[in-house]
Amino acid sequence: MKRKRHSKSAFQQCRYYEVDNIFEYMVETYINGNFSTFRELYHELNKEARKDFIGFLLVECSPQYHIEILQEIV
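In my numbering, the protein residues as written are 57 to 130.
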């Protein structure tokens, strides 16, 4: 059985998933329609990384996705 990952920093997630930017990866996952995977990725982040993700979302992502993604993580 696969162990759940919890309270990981963005850096730890980048290393684990072998990506340069976990936040970009999460947004791409959402845009591609993998909503359950996106939720898992979000819930694996620690509190500080979740705040950083929301900041990234509001500054770096297209406004059309802001409400959709925020509703998905609540």
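By construction, the Cβ of each residue, glycine as well, lies at the ideal position given by its N, Cα and C atoms.
Note that the structure is predicted; figures quoted are calculated from it, not measured.
Check	Outcome
By DSSP, does lysine 103 sit in helix, in strand, or in coil?	helix
Tell me where the alpha helix (DSSP H) around valine 83 begins and ends.	78 to 87
Who are the near neighbours of arginine 61 in its chain, counting only those whose CB is closer than 7 Å to its CB and skipping five residues on each side?	Glu100
Taking the alpha carbon of glutamate 80 as the reference point, which residue from Lys103, Ser63, Ile110 has its own alpha carbon closest?	Ile110
Could you pull the start and end residues of the alpha helix (DSSP H) that cysteine 47 belongs to?	Outside the displayed span of the chain (57 to 130) sits residue 47, for which this structure offers no information.
State the DSSP-derived secondary structure class of valine 130, mapped to helix, strand or coil.	coil
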